[in-house]
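Undergrad: Just passing along the structure, written as structure tokens.
Chains as they are written, first to last, in the numbering used here: chain F, 4 to 319; chain X, 47 to 337.
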């Protein structure tokens, strides 16, 4: 890449409008699938947040559901206890998840590799246990029910067909994506890539590595919290699975299917995964796991970089 | 006073039994981690496979328990060689992420495969007649099967340590864990060593899974549910260490049993909290090398 190309890489390209055009087109073409569509949009945000730590900072985590679930339960518990205002609910979800991210990051990010992986998993397992045991607040195994989410701005009521929910998710996703895009193209974001590529050199040139990893971990956790809060508000339900290893694992899969560290992997991987799951898991959820497992093995062994990687290879 | 003592003895006994199972399963994971730097989340699949083989051989074919155990560990070791040669080998030295995804994929496939072949229910594990009931040790009696489990575990651990300490292969493994490149330069066939170690670790895991079937129930989600336990034992023990995971397994096994006995409501929390505290104090684990 020439210097000019480096200088231009943060500029918006026409292709970047594609996900948004596709999201609007999908809403018009498949109006009966809007509830699934909103879930896909919210999950894209979750995968995007995971991409920030995984793809940019190179922190491999098996516990990202901890933040998703914290956001979901925060928004859910607020709405179930008389505060159903959606935007402050999102904010509360983001703050709570960010706090969990910051505090756990203080401990977890001191280690590397398998130990780090294990600790992220332990944090999520701890929260899962806590949510399970505190059933008077969270509903435990049955999940949190009885949420009353107010209309957005007091005007837009969440309707039965999921139109409001879809628009709401789309706008929130857009704002978060814009923030994330600014973030990764900022000097801060560049230094994260540096940390991923060569952590010792970044230490050597005096970059505050520990601090930066903690910051991105916290931001990513907050975004994951927003995503969880979105799903809680639009489905009026929070279950224990929102904190499970299953969710932490599948978000990695969705991301790897799309492509890691490119900001757009989430936009490709999540719809592919969730639409396929919607189609196949009706037939048999158990076999779904088999095929998704096989797909992961094949992707890792033969198609590193996911769909975006294949696309890059094809272009070259 | 006697009640407290009885409770303490009981916690120690059952905690040690759990520790044996955790160690047998996790030691292979620790060594492969130290030797090849491979994050093998699917290690629990081999333990589960061992459990299924023993349960199947005993209930369907009426094979005696001890023979079924031996068959299970051999079969698991052989299966692991196939997986290692076909898949793992390609990812030595690759990103953590790729290894995590590959092995998560294998876990998912194992969940579906186990459900397909054996159904979604927990496999019943009936100990043979000579191991059911209790053994009387004079001052009190213990369940025979768990006593057998502890004795078996202790014997295997002793054999393993002696083997690694005294045998030629053991020396080679320790050398390769210390410095892979140096080991290669002095002419050790590390590729064959990897496969051998992997098979040994998986065989032990299969044995551990089968022996510990009444502690960690054999069901399709086995590898997913118990993953955190195995990872804790390895990380707390120190990657690549052989004795570290043993100490870690004892700490985790006894603490877990104790907390769950004393505070059944909050039992599981303490073990995770304890893990975090130990790693705050020693990020490389109890016996990890400070590099």
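Idealized CB from N, CA, C, for every residue including glycine.
1. For residue 161 of chain X and chain F, any beta-carbon pair shorter than 8 Å?
2. Looking at C-alpha atoms only, which residue of X/235, X/250, X/192 and X/49 is the closest neighbour of residue 59 of chain X?
3. How long is the line joining the alpha carbons of residue 205 of chain X and residue 211 of chain X, rounded to whole angstroms?
4. Taking the alpha carbon of residue 253 of chain F as the point to measure from, which residue in F/232, F/298 and F/264 has its own alpha carbon closest?
5. Taking all protein chains shown into account, do 16 or more other C-beta atoms lie within 10 angstroms of the C-beta of residue 154 of chain X, making it buried, or fewer, making it exposed?
6. Thinking just about the alpha-carbon of each residue, which of X/229, X/144 and X/269 is nearest to the one in residue 258 of chain F?
7. With 8 Å as the threshold, decide whether the Cβ of residue 318 of chain X is near any Cβ in chain F.
8. Where do the N-terminal and C-terminal ends of the beta strand (DSSP E) with residue 189 of chain X fall, by residue?
9. Give me the residue from F/190, F/228, F/78 and F/225 with the minimum Cα distance to residue 210 of chain F.
10. Under 8 Å, Cβ to Cβ, is there at least one residue of chain X near residue 14 of chain F?
11. How about residue 259 of chain X and residue 97 of chain X: are their beta carbons less than 8 Å apart?
12. As an exercise, report each continuous alpha helix (DSSP H) stretch of at least 4 residues that is fully enclosed by the stretch 151-230 of chain X, in chain order.
13. Check the Cβ-Cβ distances between residue 166 of chain F and every residue of chain X, and say whether any is below 8 Å.
14. Taking DSSP as the reference, what is the three-state secondary structure of residue 88 of chain X?
15. If you reduce the DSSP assignment to three classes, tell me which class residue 321 of chain X lands in.
16. Which residues, in chain order, does the stretch 253-269 of chain F contribute to contact with chain X at a C-beta distance below 8 Å?
17. Please check if any C-beta of chain X sits within less than 8 Å of the C-beta of residue 243 of chain F.
18. Is there a Cβ from chain F that is less than 8 Å from the Cβ of residue 243 of chain X?
19. Does the beta carbon of residue 173 of chain X sit closer than 8 Å to a beta carbon anywhere in chain F?
20. Is the Cβ of residue 168 of chain X closer than 8 Å to any Cβ of chain F?
21. Do the stretch 77-97 of chain F and the stretch 225-233 of chain F meet, that is, are 3 or more Cβ pairs less than 8 Å apart?
22. What is the rounded straight-line gap between the Cα of residue 77 of chain F and the Cα of residue 92 of chain F?
23. Relative to the C-alpha of residue 328 of chain X, which candidate in F/25, F/241, F/133 and F/114 has its C-alpha closest?
24. Among F/17, F/301, F/244 and F/260, which residue has its Cα nearest to the Cα of residue 144 of chain F?
25. I want to see whether chain X comes within less than 8 Å of residue 377 of chain F, judged by CB atoms only; does it?
26. In three-state terms, what does DSSP make of residue 333 of chain X?
27. Scan the stretch 127-145 of chain F for residues whose Cβ lies nearer than 8 Å to a Cβ of chain X and list them as they occur along the chain.
28. What are the uninterrupted segments assigned as beta strand (DSSP E) that are 3 or more residues long and contained completely in the stretch 102-166 of chain F, given in chain order?
29. Can you round the beta-carbon distance between residue 287 of chain X and residue 334 of chain X to whole angstroms, since I take them to be within the 8 Å contact cut?
30. Let me know the alpha helix (DSSP H) ranges lying completely inside the stretch 259-309 of chain X, each 4 residues or longer, listed in chain order.
31. Taking Cβ-Cβ distances below 8 Å as the criterion, which residues of the stretch 91-121 of chain F are in contact with chain X?
32. Can you tell me which of the three DSSP states residue 241 of chain F falls into?
33. Going straight from the alpha carbon of residue 156 of chain F to that of residue 84 of chain F, what length do you get?
34. Can you give the Cα-Cα distance for residue 300 of chain F and residue 230 of chain X, rounded to whole angstroms?
35. On a CA-only basis, which of F/208, F/121, F/222 and F/272 is nearest residue 285 of chain X? Give me that one, please.
36. Using the C-alpha atoms, what's the distance from residue 206 of chain F back to residue 45 of chain F?
TA: According to the data block:
1. yes
2. X/192
3. 10 Å
4. F/298
5. buried
6. X/144
7. yes
8. 187-189
9. F/190
10. no
11. yes
12. 190-212 and 214-224
13. no
14. coil
15. helix
16. 255, 256, 259 and 263
17. no
18. no
19. no
20. no
21. yes
22. 8 Å
23. F/114
24. F/244
25. Any property of residue 377 of chain F remains undetermined from this structure, which presents chain F solely from 4 to 319.
26. coil
27. 128, 129, 132, 133 and 136
28. none
29. 7 Å
30. 268-271, 273-283 and 290-308
31. 110, 113, 114, 116, 117, 118, 120 and 121
32. strand
33. 19 Å
34. 29 Å
35. F/121
36. 36 Å
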